[in-house]
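Each remark here refers to the structure printed beneath this line.
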Amino acid sequence: MLFSSLTFLFAFLPITLILYFLVKDKYKNYILLVASLIFYAWGEPKYVILMILSIIFNFFIAKIIDKKSKKKKLQKLLLAFVVIVNIGALFIFKYLDFAIENLNVVFNFNIQPAHLSLPIGISFYTFQILSYVIDVYRKKVKVQKNIFTLGTYIALFPQLIAGPIVRYSDVEKQLKSRTHSLEKFCDGFRRFILGFVKKVLIANNVAIIADTVFSDPSSVELGPVAIVISLLAYALQIYYDFSGYSDMAIGLGKIFGFDFDENFNYPYSATSLTDFWRRWHISLTSWFRDYVYIPLGGNRCSKLKWLRNFSIVWLLTGFWHGASWNFVLWGVFNMVILLIEKQFLGKILANIPKIFTWISTFIVVNIGWLLFRANTMDDLGLIVKSFFYPEASTADFLAHNFSIVSYFLFMILGLIFMFPVWKKMTEKLLKWKFGRFILDIILLALFCVAICALVNSSYNPFIYFRF
Amino acid sequence: MKKRLKEEHVFLALVCLVFILGAYTLIKNPKKTSTVENRNLTQFSHFTINAFLNGKFQDNFDKALADQFPMSEKIRINYGNVVAKLLEIVPNDDICKNRYTSLANDSAGNYRLFNCEDYIVRMPHLPNQKQLEVLESNIAKFNHVNSLIKTYYYIINTPLTFDFEKNENIFDFSEALKEKMSGDFDVATLKYDNFEQYKDYFYKTDHHWNYKGSYQGFLDITNMLDVKNPSKPSGTFSNHECFFGTAAKNVRRFEDLDEFTVYKYDIPEHEIFINGQQKQQYNHIDDFISHNYEYSQLYTFYQNVYGTSYGEIIFDFHNPEKKNLLIITDSFGHPVKELVAQYFNHTHIVDLRHYQDEMKKPFVFSKYINENKIDEVLFIASSEFFLLDNTTTEGLDK
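As you go down the protein sequences, you meet chains Z and C in turn. Using this note's numbering, you'd call the opening residue of the first sequence number 14 and step up by one each time. Using this note's numbering, you'd call the opening residue of the second sequence number 26 and step up by one each time.
Written out as C-alpha cells, the structure reads:
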C-alpha cells in the first residue's frame, strides 16, 4: 500500500488511528504490528510471510548472540551467520538475476534467470534488522525480549517501504513507552500532509516531463534542451518523491508517538557534493558510515586502506539502489567526485562565491542523476550522443510533446520549494496572530487538491484507445 | 498555550472533516454509472482469500474508492478543464495554426489530440525512427505471408498521417508497402483528399470510421477482391447523438455525443463460430435498429453494434464452390467483415491482439492457412496497426 493512495488515506489510516487510540498503551504496539503487516500484505500478500520469518529468525538469533556474550568467537560466528542470511535474502530477491545475467555474458553460460519479484522495502528493512542485530552484538542496545515489539520495529508501516532507515537504538525507548499529545499528533499530520502534497502534486507531475525522455529515449527525437529539461524534471521528481515519502513517514511516526530523525535537509542547496551527501538520504549515508565505513577502519588508517574503505562504501551505495550497472556507475561517479573534493577541490571551492559552487554542485548532482535514471547503458549512450549531436530542435521536441508544457508550472514550483522557502514562510507566518490558522488552511487546501489529483488519476481511458 | 490548543482543535476538526468525506464513500450506497463520463463505475467487491492473494481485491478496492468518492465526476471534469486551460499556454501560431486547436495528449504519449472544427483528431506527424523500424519489421512479416499465399491489404489512413491544414497525406502507407513488399499482393487504401471528405467518413468523437466510411471501405475491398455487384444497403438507421467515442473520453469532453448511424444489409444465412463456439449472432445491428439494446446510456456503440474483437471468428456461408478467406484485422474490421465474408465459403477472422489469450495457443500463420484450407488473405487495419506495434503481428512470420 502506498501512502499516496486513497485506500491508505480513507480506509487504512483512519481505522488504524481509531483502534490505536482506543486501546490502552500496553496494547498499542500490537495494533501497530497487525496494522503494519496488513499494510505490507496489501501490496505483497505472499512476501509478508518472508517478513514474518525474518522477524522470528532475527529475534531468536539476536537472543542467542546476547546470551553467548562470554563466547566471543561463537558470537562473531553467529553475527556473521545472521548477516549472511539477511544479505543473502536481499541478494536472492534483488541481485540474483543481475548476477546470472552477467555470469551468462562473461562465461557464456546459459543459466535461466529466477525472475523473482522484489519484495517491497526489502532493502530498507534488511538494513534496519542488521542495525538491530549488530547493535545487540556491540552491546549498544539491549536485546528485545518481546518478539511482538521487535516485530513492531521491523514492520512499522510509516517507514517500512521507503525509509528513512530507522535504527533500533533510536527507537528502543520509544518502543517501550512514548508520549502522545494533541500537539504532536497535529504536527505529525501537518508533516504528513506536506509530504503527501510534495509527492502527489509535484513529484507525480514533473515525472511526466522526465518520462518523456527517459522512459524510452529511442522513441523520441532529442536535443540538448530537451535532455536538460527532462533531467531537471527527474532531479525534482526524485527529490520530491523521496523527501515527500520521508516527510510522510516522519509525520506518521509523530502521530503514533515516535520521533524519527530527518532524512533530507534541502540537498539541492548544497554547495559541494560532500555537502550534498550530508543532506541527501541522511539515514542511508549514516548507516553505511556506522556499519561499513568505520568498522573497516574509516579514515584512521593508511591512505591506501582509506581509499579501499571509501570505494567499498560508494560501490555498495550504488548497488543498494538497484541491480544494474548504471547504479554502480553512479556510485563510482560520486566516489570519484568526492575524492577529488576531499583531495584538493574542496579547498578551492571554499574560496569561490557560493553561487558558483552551488551551480557547479547542482550540475554535478544532475549528471549523477542521468547515470542513475537511464534504464540501460544503451539508453545512456543514446542520451549522451543526442546531447552533443541533436536529433531535433527544441521547437520540434516541444511540438511533438506539447502536453509537457502544462506541467512546467509544477516544475517551477518544484524549483522554488527545493530551497527552504516553505520553512522560512512558515516561520514568518507563525509570528502573526492568525499565522498558524492561515498555514493550516493553506495546507488543508493543498491536501484537498492533492486528493482531487488522486481521484482524477483513476480516470484512465487510454488503454482502450487502440481498440 | 491555550491559544495553541485552540488552534490544534481547529486543525483537527478540519482534518476530521476531510476524513469523514472519505469515510462517507465507504458507507454510502454505491453509484452504478457515471452519466457524465458515460461509463460503469467500479463497485466494491467481496473479500476472498484468492482475490487478496492475487491482488485483484486490492486493485478493485482502490478503483472503487476513487470512483465512488464524493463528487468524483465533478473532480474529474474540473481537473480536465484545468489541464485544458494550462495547455492553452502552448503558442497556437506554431503548432495549431488555423484549423487545429489544442486539446490534450494521451497519457501513453502516443498521440496528441486536437480539436479540428469539433472533430477530435490526432496531430499529424511523420513516423520517427523507431516507428519506421517497426514498419520495416512488419513488412518483413508481410513478405513472408505474401510468399505463401495471395494477400490483399486494405489500409485506413487515420489523421495521424494526414495534415488537414495543408490537406495532404504526409506519409503514404500504401506507397511504402508497395515499394518494400514482395510476393503476390494487392494494396488499397481508404482515401480522402481533404477535411470535408474526412468528416464524411469518420466520427467526431471517435477514431473509427462511420457507416459511410466503412461502406466506402467495403466497396474498395470488394473491388480489390474482384467481387461483382457488391451488396447495397437496404436502409439507413440513425439514433441521433448517442455515441460517446474514446477520443472524447480521452480529452474529457463529456458533453459531446456523436451521431450514430448504421446501414442495413441483407446478408444470406450463415453459421457463426466465435473462439470455437457456435453463436446465433455476431453483431447487434438488428437490435440497434429495433432500439432493443440493454444499456442505452452506456452503450459503446461502435463495438457493440458492429460486433467486438475476438481472437477468432468464423463465418460459414456454405458456398463450397467459393474460396476460403482469412481476414486479419483490428477494430476497423468490425463493420465490414461479415459483409465481405458473404462472397466466400468460410471466412476466418483473426485479431492477433486477442488470438493467443482466447484460443489458448500461439498464432502460427503457415499452420493456420494449411489447417483451414485458406485460399486468400485480407488485412483490414488502420495505418497505426501497421506502424506503431509489432507485437500484434507476431506469428505472421512463422
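C-beta: ideal position from N, C-alpha, C; glycine also.
Using DSSP with H/G/I as helix, E/B as strand and the rest coil, what is residue i?
{"i": "residue 117/C", "result": "In this prediction, residue 117/C has a pLDDT of 45, which is less than 50 and means its spatial position is unreliable; what the coordinates show is noted afterwards. Looking at residue 117/C - three-state DSSP - the assignment turns out to be helix."}
{"i": "residue 132/C", "result": "Here residue 132/C scores only 47 on pLDDT, less than 50, and its place in the model should not be relied on; the value that follows carries that caveat. Of the three classes helix, strand and coil, the one that applies to residue 132/C here is coil, per DSSP."}
{"i": "residue 289/C", "result": "strand"}
{"i": "residue 322/C", "result": "Because residue 322/C sits at a pLDDT of 48, beneath the cut-off of 50, its placement in the model cannot be relied upon, and the point is left open."}
{"i": "residue 234/C", "result": "strand"}
{"i": "residue 476/Z", "result": "Model confidence at residue 476/Z stands at a pLDDT of 29, short of 50, so the residue's coordinates are unreliable and nothing is read from them."}
{"i": "residue 146/C", "result": "strand"}
{"i": "residue 127/Z", "result": "coil"}
{"i": "residue 141/C", "result": "strand"}
{"i": "residue 260/C", "result": "strand"}
{"i": "residue 234/Z", "result": "coil"}
{"i": "residue 225/Z", "result": "helix"}
{"i": "residue 354/Z", "result": "helix"}
{"i": "residue 445/Z", "result": "coil"}
{"i": "residue 171/Z", "result": "helix"}
{"i": "residue 365/Z", "result": "coil"}
{"i": "residue 156/Z", "result": "coil"}
{"i": "residue 101/C", "result": "helix"}
{"i": "residue 305/Z", "result": "helix"}
{"i": "residue 348/Z", "result": "helix"}
{"i": "residue 280/Z", "result": "helix"}
{"i": "residue 133/Z", "result": "coil"}
{"i": "residue 468/Z", "result": "helix"}
{"i": "residue 249/C", "result": "helix"}
{"i": "residue 400/Z", "result": "helix"}
{"i": "residue 161/Z", "result": "helix"}
{"i": "residue 20/Z", "result": "helix"}
{"i": "residue 455/Z", "result": "helix"}
{"i": "residue 69/C", "result": "coil"}
Which residues mark the beginning and the end of the beta strand (DSSP E) in which residue i is found?
{"i": "residue 18/C", "result": "The displayed coordinates of chain C run from 26 to 423. Any statement about residue 18/C would go beyond what the structure contains."}
{"i": "residue 303/C", "result": "302–304"}
{"i": "residue 374/C", "result": "371–375"}
Look up residue i in the DSSP assignment and give the residues it is bridged to.
{"i": "residue 190/C", "result": "None; residue 190/C has no bridge partner."}
{"i": "residue 354/C", "result": "405/C"}
{"i": "residue 339/C", "result": "298/C and 373/C"}
{"i": "residue 227/C", "result": "234/C"}
{"i": "residue 283/C", "result": "268/C"}
Along the chain, where does the alpha helix (DSSP H) containing residue i start, and where does it finish?
{"i": "residue 367/C", "result": "Note, residue 367/C: premise wrong, no alpha helix (DSSP H); not H, not E."}
{"i": "residue 330/Z", "result": "316–334"}
{"i": "residue 181/Z", "result": "181–189"}
{"i": "residue 27/Z", "result": "26–35"}
{"i": "residue 388/C", "result": "First-last for residue 388/C: undefined, no H or E at that position."}
{"i": "residue 55/Z", "result": "38–56"}
{"i": "residue 34/C", "result": "27–52"}
{"i": "residue 202/Z", "result": "195–210"}
{"i": "residue 383/C", "result": "380–384"}
{"i": "residue 286/Z", "result": "286–292"}
{"i": "residue 430/Z", "result": "421–430"}
{"i": "residue 85/C", "result": "81–93"}
{"i": "residue 312/C", "result": "310–314"}
{"i": "residue 77/C", "result": "74–78"}
Quiz prompt | Segments of 3+ residues assigned as beta strand (DSSP E) that fall wholly inside the stretch 155–214 of chain C | solution = Whole beta strand (DSSP E) segments, 3+ residues: 175–181.
Practice problem: Scan the stretch 248–269 of chain Z for residues whose Cβ lies nearer than 9 Å to a Cβ of chain C and list them as they occur along the chain. | Solution: If the cut-off is 9 Å between Cβ atoms, the stretch 248–269 of chain Z has nothing near chain C.
Quiz prompt | Contact set between the stretch 452–474 of chain Z and chain C, restricted to residues whose Cβ is under 9 Å from the partner | solution = For chain C, the residues of the stretch 452–474 of chain Z that bring a beta carbon within less than 9 Å of one of its beta carbons are 453, 454, 456, 457, 460, 461, 464, 465, 466, 467, 468, 469, 470, 471, 472, 473 and 474, in chain order.
Quiz prompt | chain C contacts made by the stretch 204–234 of chain Z, where a contact means CB separation under 9 Å | solution = With the criterion set as a beta carbon lying under 9 Å from some beta carbon of chain C, the members of the stretch 204–234 of chain Z are 206, 221, 224, 225, 228, 229, 231, 232, 233 and 234, in sequence order.
Quiz prompt | Short-range partners of chain Z found in the stretch 32–49 of chain C, where Cβ spacing is below 7 Å | solution = Those would be 32, 33, 35, 36, 37, 39, 40, 43, 44, 47 and 48, in chain order.
Quiz item: Which residues, in chain order, does the stretch 135–168 of chain C contribute to contact with chain D at a C-beta distance below 7 Å?
Solution: Going by chain labels, chain D is absent from the structure shown, which instead holds the protein chains Z and C.
Exercise. For the stretch 89–104 of chain C, enumerate the residues whose C-beta is nearer than 7 Å to any C-beta of chain Z, in chain order.
Key: Here the close residues are 90, 91, 92, 94, 97, 100, 101 and 104.
Practice problem: Could you name each continuous alpha helix (DSSP H) segment of 4 residues or more that falls completely within the stretch 63–130 of chain Z, going from the start of the chain to the end? | Solution: Secondary structure in the stretch 63–130 of chain Z: the alpha helix (DSSP H) runs of 4 residues or longer, each lying completely within the stretch, are 85–103 and 109–120 in chain order.
Quiz item: Which of the residues in the stretch 381–398 of chain C, read from start to end, lie with their CB under 9 Å from any CB of chain Z?
Solution: Under the 9 Å Cβ criterion, the stretch 381–398 of chain C contributes no residue.
Quiz item: Listed in chain order, which residues of the stretch 430–452 of chain Z have Cβ atoms closer than 7 Å to some Cβ of chain C?
Solution: Residues 449 and 450.
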